[in-house]
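Only one structure is covered here, and it is reproduced in the block below.
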Amino acid sequence: MAGPLKLTTGVASGLLAGWVFGRAKPKRSIESVLNGNYEWMSPAQRKLVGQLMALGQDHLFCQWPPPGVKDNQKLKLLEDAAACLKGIPGALEEARLDILEPPVAEKRPHRMEIHGDVRDDPYYWMRDDERKDPAVLDHLKRENDYAKAAMADSEGLQEELFREMKGRIKEDDQSAPQRDGPYFYYSRTLEGKQYSVHCRRKIPRGMGAPSEADEMDTSIQEEILLDENVQAAKCPFYDVGCVCVSPNDKLMAYTEDLSGNAKYTLHVKDLETGGELLQTPIHNLADQVTWAMDNRTIFYVTQDKQFRANKVWRLTLGANGNQSTLVFNEEDEAFMVTVSRSRDDKMIMIWTASAVTSEIMYLDAGAPTGSWSVLLPRTPNVEYTAKHRDGYFYCDIRDERRPNSELIVMAVGRPDQQKVLIPHRYDVKLECFCLSENHLAVFERSNALQSARIFRLPSGGGMPNLPAKTSELQFEEPAYELMPGGQGEFRSDILRIVYSSLTTPASVIDCNMTTGKRCTKKVQAVLGDFNSANYKSERLWATAPDMTDIPISLVYRKDLVKLDASAPLLLLAYGSYEVAETPCFSMSMLSLLDRGFIYAIAHVRGGGEMGRHWYEDGKYLRKKNTFTDTIACAEHLIKSKYCKRDGLCLTGRSAGGMTAGAVLNMRPDLFSAALIEVPFVDVLTTMLDESIPLTTTELEEWGNPKEKRYYDYMKSYSPMDNVVKQEYPDVLVTTGLHDPNVCYWEPAKYAAKLREYNTGNGVVLLHCDMHAGHHSKSGRFDVLKEAAFKFAFLLKVHKSLLTKPSS
157 MAGPLKLTTG VASGLLAGWV FGRAKPKRSI ESVLNGNYEW MSPAQRKLVG QLMALGQDHL
217 FCQWPPPGVK DNQKLKLLED AAACLKGIPG ALEEARLDIL EPPVAEKRPH RMEIHGDVRD
277 DPYYWMRDDE RKDPAVLDHL KRENDYAKAA MADSEGLQEE LFREMKGRIK EDDQSAPQRD
337 GPYFYYSRTL EGKQYSVHCR RKIPRGMGAP SEADEMDTSI QEEILLDENV QAAKCPFYDV
397 GCVCVSPNDK LMAYTEDLSG NAKYTLHVKD LETGGELLQT PIHNLADQVT WAMDNRTIFY
457 VTQDKQFRAN KVWRLTLGAN GNQSTLVFNE EDEAFMVTVS RSRDDKMIMI WTASAVTSEI
517 MYLDAGAPTG SWSVLLPRTP NVEYTAKHRD GYFYCDIRDE RRPNSELIVM AVGRPDQQKV
577 LIPHRYDVKL ECFCLSENHL AVFERSNALQ SARIFRLPSG GGMPNLPAKT SELQFEEPAY
637 ELMPGGQGEF RSDILRIVYS SLTTPASVID CNMTTGKRCT KKVQAVLGDF NSANYKSERL
697 WATAPDMTDI PISLVYRKDL VKLDASAPLL LLAYGSYEVA ETPCFSMSML SLLDRGFIYA
757 IAHVRGGGEM GRHWYEDGKY LRKKNTFTDT IACAEHLIKS KYCKRDGLCL TGRSAGGMTA
817 GAVLNMRPDL FSAALIEVPF VDVLTTMLDE SIPLTTTELE EWGNPKEKRY YDYMKSYSPM
877 DNVVKQEYPD VLVTTGLHDP NVCYWEPAKY AAKLREYNTG NGVVLLHCDM HAGHHSKSGR
937 FDVLKEAAFK FAFLLKVHKS LLTKPSS
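Take a look at the structure:
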């Protein structure tokens with residue numbers, strides 16, 4: 157069990173070398189560092205402090221409490237430091253952390269009763285919907301101060317990690333240009349800048365039909381559509397939801413979030429004059445918007461007070477002012493809506509969906525004030541998506557009879573005229589498809605691996621058929637990610653895909669669906685000494701308690717990992733919403749791999765890796781399979797000598813944070829540390845409170861605790877309700893003050909309760925970003941600083957692997 161006794165135990169050689177984490181030289185006076193403790197020290201003790209500060213060890217005195225508080229522990233630290241200077245090993249970090257005082261949250265009784273069951277939540281007061289309560293903000297500040305103090309010895313390491321991660325980035329980079337109409341569209345980044353610049357260039361005169369060999373002519377003048385850096389300089393958080401150019405290429409709509417709460421503002425820019433067309437920007441949007449074909453109508457979606465995207469509006473631009481008209485209001489609180497234009501520019505479609513049911517309405521994109529039609533009426537537990545081509549809708553549809561989806565086609569306005577193009581298969585999941593004028597590309601998943609098939613579609617009228625012959629896209633690595641990229645114009649025969657693996661940087665590949673030729677348009681640049689041949693990826697299978705085989709993807713550096721259980725291992729688990737945790741490349745993860753870590757992904761039930769049944773076996777009253785699967789994966793990795801218990805770290809984010817929290821309650825002895833990010837940990841309290849954002853839309857994922865059977869089951873695993881008096885490992889919990897998905901008070905309450913109930917030496921840290929939401933920092937360099945902090949925490953637990961080897 158890792159704790160203060162194991163966190164970076166200092167020795168004389170490390171101290172005299174400037175400490176194992178590399179501290180900067182002190183710039184403050186002894187008096188200012190010691191927080192009033194200077195007065196009671198003897199001259200010899202003051203001299204010792206001065207010597208330590210001269211060696212860059214002022215972090216040893218970071219956040220010392222005032223005189224009279226933990227004075228004996230302060231003396232112990234000074235004694236250990238003096239011994240270290242004489243060459244005698246000492247546990248300085250143990251002594252330093254013992255001096256720090258973790259925040260002790262106030263406890264206020266809060267009684268909650270339902271189904272005859274009473275719960276008390278003494279930390280309920282931390283909830284403040286306005287984020288202005290002084291007591292709450294003060295508590296979060298104290299948590300941040302404590303986390304910073306506990307990590308003070310690693311500030312040099314954090315800076316090293318940040319420089320390392322930043323050094324791998326090609327700062328002045330550009331995306332693979334996408335041909336669409338008369339332009340190539342792309343984004344680029346500038347050296348020293350955190351945000352993207354959205355641009356376009358005209359295609360050269362005489363360029364033929366789109367081809368995989370197309371190249372953008374950089375001698376043609378660039379047109380900057382939007383420089384995110386300009387607006388981002390004015391606020392601590394900045395995110396662009398979408399950049400959407402009108403069909404005639406003259407206007408641009410875009411949305412931006414300035415706070416991290418995922419509420420966007422709509423702007424419309426005249427690309428010829430550069431002027432803003434909306435005198436008053438429209439607020440409270442979801443991120444996406446779409447144009448009708450008249451070049452003056454924009455459809456957008458707004459959110460209710462629970463952050464549910466529920467209303468579709470039609471905005472008409474004109475000389476008489478900009479008028480917005482409500483065209484659809486989703487009254488069912490379990491549903492959320494999106495709006496888009498079909499790739500062939502023929503239809504505007506509203507898609508409204510709950511976790512298990514969906515419905516689509518459509519409208520002629522050339523007649524935006526016309527009437528809406530329902531494609532297939534809303535039916536419980538039936539989900540479908542649709543794309544349009546040549547008077548027909550192509551739909552992938554899922555229901556209880558077809559859990560892995562099948563592809564059907566139907567005539568517009570005649571849902572009774574249907575044909576099955578790709579029938580349902582129990583061993584293959586139809587994930588998504590791309591439709592163009594001449595081709596259909598179907599992306600599928602089987603046995604936790606992805607593939608794609610391409611069909612040439614017949615021309616002419618009538619109900620289409622699929623030819624028996626297909627071409628396939630397959631890859632040889634044991635685990636990888638394959639997904640469609642951004643697609644160009646509808647008439648194009650080019651399919652853009654993005655391929656990545658744990659050892660292969662993301663590659664953008666254009667595939668000619670007629671000739672079969674492929675052209676790699678861009679490979680993610682990784683600067684420095686990266687060589688993919690130094691790393692090995694593997695696919696393992698663990699066995700769950702019910703004998704289900706659970707896939708694991710992992711990667712390690714071959715010259716550093718001996719597979720003798722000596723390496724530390726970071727295990728990621730998610731397992732919710734039918735989301736597949738794909739094994740893709742992570743540039744920042746190299747900083748752990750290059751220090752001897754193994755990185756593993758547990759593809760547990762509740763996710764979408766193995767088909768619909770995989771998801772359904774990890775939700776509702778079978779949710780605990782997610783947690784026991786994770787434990788089975790951890791035990792398999794230990795048994796197979798990939799790591800030991802004292803080298804195994806657990807991580808999860810959002811719903812994956814719930815997984816991590818539940819697993820820690822069940823088997824804290826398996827792990828040396830846990831990194832739990834924006835975690836959904838107070839499941840029962842949140843799902844009983846419909847005033848909390850997104851609660852109602854989540855009922856079909858977790859169940860409704862107003863029904864006693866769901867209440868009892870959710871209470872049996874909800875991390876907050878199952879923290880007990882036992883030894884927990886070192887834990888770092890993160891959150892964002894403006895997070896609408898998992899409100900900050902859940903992680904804050906969880907950290908407080910975990911610290912209160914922990915009977916071992918494990919340190920519990922909470923870091924709350926006061927300017928971010930669910931997706932943390934917005935600037936690309938700020939994201940790296942955040943990653944450096946988290947990785948430093950893991951390396952602090954496993955200090956023996958701090959020195960990065962040379963290649």
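Per our numbering, the very first residue in the sequence shown carries number 157; after that it's consecutive. Virtual Cβ for every residue (Gly too), placed ideally from N, Cα, C.
Comparing C-alpha distances from L407 to each of K425, G416 and Y394 shows the shortest one belongs to K425. DSSP places H769 in the uninterrupted alpha helix (DSSP H) bounded by R768 to E772. Between N781 and T704, the C-beta gap is smaller than 9 Å, which places the two residues in contact. In the pairwise beta carbon analysis, the stretch 424-443 is classified as touching the stretch 398-412: at least three pairs are separated by under 8 Å. If you draw a straight line from the Cα of H894 to the Cα of K242, it is about 50 Å long. When the alpha-carbon of T738 is set against those of R695, H595 and S847, the nearest one is in R695.
Judged by DSSP in its simplified three-state form, Y339 adopts strand. Straight-line spacing of the CA atoms in H580 and E384 works out to 44 Å. Here DSSP, grouped into helix, strand and coil, assigns T508 to strand. Pairwise C-beta distances place the stretch 494-507 in contact with the stretch 441-451, as three or more of them are shorter than 8 Å. For V483, no alpha helix (DSSP H) encloses it; the enclosing beta strand (DSSP E) starts and ends at Q479 to N485. Beyond the five residues adjoining it in sequence on each side, I270 comes within less than 8 Å, by CB distance, of L844, P861, K862 and Y867 in the same chain, given in chain order.
Within its own chain, the residues whose Cβ lies closer than 6 Å to the Cβ of R499, once the five positions on either side in sequence are excluded, are F646, listed in chain order. Only buried fits W220, as 16 or more other CB atoms lie within 10 angstroms of its CB. Per DSSP, the continuous alpha helix (DSSP H) segment holding E857 begins and ends at L855 to W858. When rounded, the separation of the alpha-carbon atoms in R470 and E912 is 52 Å. Burial is judged here by how many other beta carbons sit within 10 angstroms of a residue's own beta carbon; Y582 has fewer than 16 and is exposed. For N440, the enclosing beta strand (DSSP E) starts and ends at I438 to W447. The shortest C-alpha to C-alpha distance from L683 to any of A303, K326 and A756 is the one to K326.
Contact between the stretch 921-935 and the stretch 416-423 is present: 3 or more CB-CB pairs across the two stretches fall below 8 Å. By alpha-carbon distance to G892, the top candidate from K297, P278 and P259 is K297.
As the crow flies, the alpha-carbon of L716 is around 36 Å from that of R674. Distance between D555 and T535, taken at the CA atoms: about 9 Å.
CA-to-CA, the gap between K797 and V679 works out to about 34 Å.
A direct Cα-to-Cα measurement between L921 and L253 gives close to 12 Å. Shown here for I794: same chain residues with a beta carbon closer than 8 Å to its own, the five before and five after excluded, namely A721, K800, R801, L804 and L826 in chain order. Where L710 is concerned, the enclosing beta strand (DSSP E) starts and stops at D705 to R713. Less than 9 Å separates the beta-carbon of G617 from that of D546.
Shown here, M926 sits in coil according to DSSP, grouped into three states, outside any helix or strand. The closest CA to that of G477, considering only R768, I650 and Q435, is found on Q435. CA-CA distance, T784 to G767, rounds to 19 Å. DSSP lists V654 and K678 as the bridge partner or partners of V664. Around P338, the same chain offers K358, I359 and D405 as residues with beta carbons nearer than 7 Å, after the five sequence neighbours per side are excluded. Per the coordinates, the alpha-carbon of S527 lies some 18 Å from the alpha-carbon of H544. DSSP assignment within the stretch 753-824 yields the following whole beta strand (DSSP E) runs of 3 residues or more, N-terminal first: 754-758 and 804-809. For Y873, the secondary structure class from DSSP, reduced to helix, strand or coil, is coil.
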